[in-house]
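Numbering follows the numbering used here, with no gaps: position 51 of the sequence shown is 758.
Report on the structure given below.
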Amino acid sequence: MINTLTSLRILFALMVFGAHCYVLDPSFDTHFFKEGFVGVSFFFILSGFIIAYNYEEKLLEKITTKRTFG
């Protein structure tokens, strides 16, 4: 499940990257790449979910230190 979500993160990160490439090449000035701001929101929301999912057991423990997340 996480690998599929990570693939989506890569897709949306490339969408954001493409939104900034219009300066280099006018072919990046299409509708898909103009919607790069959607990729930013989706990327951060999905990243937060993946981090919470991976650290779920550690977050449920009562004791949290810097070493716990290292």
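We put the beta carbon where it would ideally sit given N, CA and C, even for glycine.
Since the structure is predicted, the reported quantities are computational estimates derived from the model, not experimental observations.
Use the C-beta contact count for residue i: other C-beta atoms within 10 angstroms, 16 or more gives buried, fewer gives exposed.
i	result
G755	exposed
A759	exposed
If the criterion is Cβ atoms closer than 8 angstroms, does the pair residue i and residue j meet it?
i	j	result
V747	V730	no
L766	L712	no
F719	F750	yes
In this structure, how does DSSP classify residue i when only helix, strand and coil are distinguished?
i	result
L729	Note that residue 729 is Tyr in the sequence shown, not Leu. DSSP places Y729 in helix when its eight states are reduced to three.
I770	coil
E764	helix
Restricting to Cα atoms, I'd like to know which of the options is closest to residue i.
i	options	result
L715	C728, P733, D732, I757	I757
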